[in-house]
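Peer 1:
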Amino acid sequence: MKAKILTAARKIFGEYGFHGTTTRMIAKAVEIDISTLYYHWGEKGDLYEAVVMDITEGMRQKLIEVEKIIKGRPLAERIRIAIDKMADYLFEHPEISNLTLFRYFTKTRHGNILDFKVPEYISDIAYSMGLAEDRKNVPADAKMKVLSIMNAIHNFVSGENFFRPMMKMEREEYIKAAKETLKFFNITAFT
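Under this note's numbering, the letters of the sequence shown match residues 2 to 192, in that order.
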């Protein structure tokens, strides 16, 4: 039951953000009463923290997987593979991009949960992409380059329901076009 609640909470927090989500919405999605939700997770903030930690761990695992695949390859190939893998992962789990962008623009009392891991991930990606020689001492310009790629992916994922009708594209066509656009700008810029 706890995992089922967490899965529903990810989707609902990802769609409505922390402030737009109520525990009633989550309980209704799982078809339980509020007392059962509180029994398993406590307050809304506790469940939100668990969601953020869950998506953070999922991203960490995916980045480790991608790093193993791209290690030692030429830079253009590393970027191409990383964009494909990360975009596919985020399009499968759009709540990750949505929650990331919500966190950029809204405040909650749970502000530091994810923030302590983000610089570490950015440095790891920069190192994997060959933008830094030392994983522990990554220059700010390398981190900014990683942020530009990650934010571009997040924007295509989070903006899908807005951009796709505007482009008159089916979902698979949109995902393919988003990945090709990301590669066009980033491979050229980095190589």
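C-beta: ideal position from N, C-alpha, C; glycine also.
How about Ser-129: is its C-beta nearer than 7 Å to some C-beta of chain C?
Peer 2: Although the question refers to chain C, the structure presented lacks it and comprises just one protein chain.
Peer 1: For His-94, count neighbouring Cβ atoms within 10 angstroms of its own Cβ and tell me buried if that reaches 16, exposed if not.
Peer 2: Answer is buried; the Cβ neighbour count reaches 16.
Peer 1: Considering only C-alpha positions, which residue in the set Leu-91, Glu-171, Met-168, Ser-129 is nearest to Val-147?
Peer 2: Of the listed residues, the one whose Cα sits closest to Val-147 is Ser-129.
Peer 1: Pick helix, strand or coil for Phe-117, following the three-state DSSP scheme.
Peer 2: Note that Phe-117 scores a pLDDT of 46, beneath 50, so its modelled location is shaky; the value from the coordinates is reported in the next line. It is coil, neither helix nor strand.
Peer 1: Out of Tyr-175, Lys-5, Tyr-17, Arg-61, point me to the one whose CA is closest to Asp-125's CA.
Peer 2: It is Arg-61.
Peer 1: Pick helix, strand or coil for Gly-21, following the three-state DSSP scheme.
Peer 2: Note: Gly-21 maps to helix in three-state DSSP.
Peer 1: Report the residue ranges of all alpha helix (DSSP H) runs contained in full by the region 158 to 182; include only those spanning at least 4 residues, in chain order.
Peer 2: Listed in chain order, they are 161 to 168.
Peer 1: What's the call for Thr-157, buried or exposed, on a 16-neighbour Cβ count within 10 Å?
Peer 2: According to the sequence shown, residue 157 is Phe rather than Thr. Phe-157 should be labelled buried.
Peer 1: Can you tell me which of the three DSSP states Pro-95 falls into?
Peer 2: Pro-95: helix per DSSP, three-state reduction.
Peer 1: Considering Asp-47, what are the terminal residues of the alpha helix (DSSP H) in which it resides?
Peer 2: Its alpha helix (DSSP H) spans residues 45 to 71.
Peer 1: Quick one, are the C-beta atoms of Leu-91 and Ile-154 less than 7 Å apart?
Peer 2: In contact: Leu-91 and Ile-154 (Cβ atoms closer than 7 Å).
Peer 1: Short check: CB of Lys-184 to CB of Arg-81, under 7 Å?
Peer 2: In contact: Lys-184 and Arg-81 (Cβ atoms closer than 7 Å).
Peer 1: Which value, in whole angstroms, describes the spacing of the CA atoms of Asp-135 and Ala-28?
Peer 2: Rounded to whole angstroms, Asp-135 to Ala-28 spans 46 Å at the Cα level.
Peer 1: Measuring alpha carbon to alpha carbon, tell me which residue in Asn-152, Asn-99, Leu-48, Leu-102 is nearest Ile-123.
Peer 2: Nearest C-alpha to Ile-123: Asn-152.
Peer 1: Rank Glu-32, Met-54, Thr-57 by C-alpha distance to the C-alpha of Ile-6 and give the top, closest one.
Peer 2: Taking only the C-alpha atoms, the option nearest Ile-6 is Glu-32.
Peer 1: Does Phe-14 pass the burial test, meaning 16 or more other C-beta atoms within 10 Å, or should it be called exposed?
Peer 2: Buried is the call here.
Peer 1: When the distance is taken between beta carbons, is Glu-96 closer than 7 Å to Arg-11?
Peer 2: Yes, these two residues count as a Cβ contact at 7 Å.
Peer 1: Below 8 Å on the Cβ atoms is my contact criterion, and I expect Ala-127 with Ala-133 to pass it. Report the Cβ-Cβ distance as a whole number of Å.
Peer 2: Right, their Cβ atoms sit about 5 Å apart.
Peer 1: By the 10 Å Cβ neighbour count, where 16 or more other Cβ atoms means buried, how is Lys-180 classified, buried or exposed?
Peer 2: Buried, since its Cβ has 16 or more Cβ neighbours within 10 Å.
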